[in-house]
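> In this note's numbering, the protein residues as written are 48 to 377.
Positions of the beta carbon are idealized from the N, C-alpha and C atoms, including for glycine.
Since we're looking at a predicted model, the values are computed, not measured.
Let me begin by handing over the structure; questions about it come next.
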């Protein structure tokens, strides 16, 4: 008779381990690009005040573009939560209000979808039965009434993907109208992948009102990028997690990390954090190359021979093709 395998017992909650793991994942790790975004925020908030006073410039939107997991949302969250002019304020009647409205781009790119999404974020229900004119007239009044100075539209590529050019053109026109409210100069921050470039192309007026920030991927063949990746990895493992480095320099971990994360800074940081967490869970003081390999295997489902952290031919391995061997159509 075949003996059934026994299932390991559920791990007991360990408060000390939880705190150690929390300490690893809580910090924000600045990069060289973190000087640019605060400067753009400062320009935007100063321009809002200048335009209220009758001056200012027409650039009233920031477009942040970067690959998935490049750290766009984390960067915005970190800097906007610390920017004085964007913190909750007290109105004349003593009530508190936020000058920032956070919105996730609607899944469909239609002229009505945007005002409906923005109104919903404010707490006002609206339906597509209303006309475009009614929706935008209401939105403009509500934005001013609620003293919204900045609207952040995240995942903007969702609204553009697979959409016809004619529809995008209509949305471009209505958003331009929001950027030109005379008595309330609302500013926008559009965040998304590089597909967002399609939103700027073909409309010179809209492009002229935008300042673009690109979060470019790290390149494992770039010495400066790898020096930064090495410093960052050490900061997370040694300074934050208070663990020891258990891999040799000749294993080229920064390069392997960059290849595994496809150059996306946010993904690279997550790999290092999860490797640290694995060491903590196993009551070890040292993070090993095998920890990164285990995290990569769990994330991608790759075979051992295709593991970027174990293979001698890691430079030719593509994370996007990690489970290509399961594709029965080939």
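#1: Based on Cα-Cα distance, which residue from 181, 85, 212 and 130 lies nearest to residue 146?
#2: Counting beta carbon pairs with one atom in the region 299–311 and one in the region 260–275, are three or more of them shorter than 8 Å?
#3: Exposed or buried, residue 144, counting other C-beta atoms within 10 Å across all chains shown (16 or more means buried)?
#4: Look at residue 260 and residue 148 and say whether their C-beta atoms are less than 9 Å apart.
#5: How far does the beta strand (DSSP E) with residue 291 in it extend, from its first residue to its last?
#6: Less than 8 Å between the CB atoms is what I'm expecting for residue 226 and residue 235, so what's the real figure, rounded?
#7: Let me know if residue 171 comes out buried or exposed under the rule of 16 or more other beta-carbons within 10 Å of its beta-carbon.
#8: With a threshold of 8 Å, are at least 3 pairs of Cβ atoms found where one atom belongs to the region 103–113 and the other to the region 155–165?
#9: Residue 219: which of 255, 184, 192 and 189 sits nearest, CA to CA?
#10: Nearest-angstrom Cα distance between residue 207 and residue 258?
#11: List the endpoints of the continuous alpha helix (DSSP H) containing residue 112.
#12: Quick check on residue 323: does DSSP put it in helix, strand or coil?
#13: Relative to the C-alpha of residue 243, which candidate in 369, 152 and 101 has its C-alpha closest?
#14: Taking the alpha carbon of residue 183 as the reference point, which residue from 201, 222, 200 and 204 has its own alpha carbon closest?
#15: I'd like to confirm the pairing. Which residues does DSSP put opposite residue 151 in its beta bridges?
#16: Taking 8 Å as the limit between beta carbons, can you name the residues of its chain near residue 316, skipping five residues before and five after?
#17: Can you look up residue 130 in the DSSP assignment and give me helix, strand or coil?
#18: According to DSSP, simplified to helix, strand and coil, what is residue 356?
#19: Can you look up residue 280 in the DSSP assignment and give me helix, strand or coil?
#20: Assuming residue 300 is part of the beta strand (DSSP E), what are its boundary residues?
#21: According to the neighbour-count rule (16 or more other Cβ atoms, all chains shown, within 10 Å of its Cβ), is residue 338 buried or exposed?
#22: Give the range of the alpha helix (DSSP H) segment to which residue 241 is assigned.
#23: Buried or exposed: residue 325, going by 16 or more other Cβ atoms within 10 Å of its Cβ?
#24: Determine the burial state of residue 232: buried for a count of at least 16 other Cβ atoms within 10 Å of its Cβ, exposed for fewer.
#25: Check this for me: beta carbons of residue 215 and residue 180, under 9 Å apart or not?
#26: Tell me the residue span of the beta strand (DSSP E) that contains residue 334.
#27: Do residue 289 and residue 366 have their CB atoms nearer than 9 Å?
#28: Applying the criterion that 16 or more other CB atoms from any shown protein chain within 10 Å of the CB defines a buried residue, is residue 196 buried or exposed?
#29: Quick one: complete alpha helix (DSSP H) runs, 4+ long, within the region 62–86?
#30: Residue range of the beta strand (DSSP E) that residue 368 falls in?
With the structure as the only source:
#1: If you number the chain shown from 1, residue 146 lands on position 99. Considering only alpha carbons, the answer is 130.
#2: Remark: three or more beta-carbon pairs, one from each stretch, lie closer than 8 Å, so the region 260–275 and the region 299–311 are flagged as touching.
#3: Position 97 of the chain shown holds residue 144. With fewer than 16 other beta carbons inside 10 angstroms of its own, residue 144 counts as exposed.
#4: Residue numbering aside, residue 260 sits at position 213 when the chain shown is read from its first letter. Residue numbering aside, residue 148 sits at position 101 when the chain shown is read from its first letter. No, they are not a contact pair.
#5: Counted from its first residue, the chain shown places residue 291 at position 244. Where residue 291 is concerned, the enclosing beta strand (DSSP E) stretches over 291–293.
#6: Along the chain shown, read from residue 1 onward, the residue named residue 226 stands at position 179. Along the chain shown, read from residue 1 onward, the residue named residue 235 stands at position 188. With a Cβ gap of about 7 Å, residue 226 and residue 235 count as contacting.
#7: Residue numbering aside, residue 171 sits at position 124 when the chain shown is read from its first letter. Residue environment analysis places residue 171 among the exposed positions, since fewer than 16 neighbouring C-beta atoms fall within 10 angstroms of its C-beta.
#8: No, because fewer than three Cβ pairs between the region 103–113 and the region 155–165 fall closer than 8 Å, the two stretches do not touch.
#9: If you number the chain shown from 1, residue 219 lands on position 172. Checked all of 255, 184, 192 and 189; the closest Cα to residue 219 is 255.
#10: Taking the chain shown and counting its residues from 1, one reaches residue 207 at position 160. Taking the chain shown and counting its residues from 1, one reaches residue 258 at position 211. C-alpha separation (whole angstroms): 19 Å.
#11: In the chain shown, residue 112 corresponds to position 65, counting from 1. Annotation for residue 112: no alpha helix (DSSP H) segment contains it, though the beta strand (DSSP E) segment containing it runs 108–113.
#12: Indexing the chain shown from 1 puts residue 323 at position 276. Residue 323: helix per DSSP, three-state reduction.
#13: Here residue 243 is taken as the residue at index 196 of the chain shown, counted from 1. Closest in C-alpha terms to residue 243, from the list 369, 152 and 101, comes 152.
#14: The sequence position of residue 183 within the chain shown is 136, counting from 1. Among 201, 222, 200 and 204, the Cα nearest to that of residue 183 belongs to 222.
#15: In the chain shown, residue 151 corresponds to position 104, counting from 1. Residue 151 is bridged by DSSP to 201.
#16: In the chain shown, counting from the first residue as 1, residue 316 sits at position 269. Within its own chain, the residues whose Cβ lies closer than 8 Å to the Cβ of residue 316, once the five positions on either side in sequence are excluded, are 76, 118, 279 and 283, listed in chain order.
#17: Walking along the chain shown from the start, residue 130 turns up at place 83. Coil, per DSSP.
#18: In the chain shown, the residue the question calls residue 356 occupies position 309. Residue 356 sits in coil when the DSSP states are folded into three classes, being neither helix nor strand.
#19: Taking the chain shown and counting its residues from 1, one reaches residue 280 at position 233. Correct three-state label for residue 280: helix.
#20: Within the chain shown, the letter at position 253 stands for residue 300. Counting along the chain, residue 300 falls outside any beta strand (DSSP E), though it belongs to the alpha helix (DSSP H) covering 300–307.
#21: Along the chain shown, one-based indexing puts residue 338 at 291. Its Cβ being crowded by 16 or more others within 10 Å, residue 338 is buried.
#22: Start at 1 with the first residue of the chain shown, and residue 241 comes out as number 194. Counted as a single uninterrupted DSSP element, the stretch harbouring residue 241 is not any alpha helix (DSSP H), since DSSP gives it neither H nor E.
#23: Position 278 of the chain shown holds residue 325. It is buried - the Cβ of residue 325 has at least 16 other Cβ atoms within 10 Å.
#24: Walking along the chain shown from the start, residue 232 turns up at place 185. Around the beta carbon of residue 232, a 10 Å sphere encloses 16 or more other beta carbons of the protein chains shown; the residue is thus reported as buried.
#25: In the chain shown, the residue the question calls residue 215 occupies position 168. In the chain shown, the residue the question calls residue 180 occupies position 133. No, the pair does not count as a contact, with Cβ atoms beyond the cut-off.
#26: Sequence index remark: in the chain shown, residue 334 carries index 287 (1-based). Membership of residue 334 in the beta strand (DSSP E) is indicated by the continuous run 333–335.
#27: Position 242 of the chain shown, counted from the first residue, corresponds to residue 289. Position 319 of the chain shown, counted from the first residue, corresponds to residue 366. Going by C-beta atoms, residue 289 is not nearer than 9 Å to residue 366.
#28: The residue given as residue 196 occupies position 149 in the chain shown. Per the 10 Å Cβ criterion, buried.
#29: For the alpha helix (DSSP H) assignment, the uninterrupted runs of no fewer than 4 residues enclosed by the region 62–86 are, from N- to C-terminal side, 62–72.
#30: Your numbering for residue 368 matches position 321 in the chain shown. DSSP places residue 368 in no beta strand (DSSP E); its state is neither H nor E.
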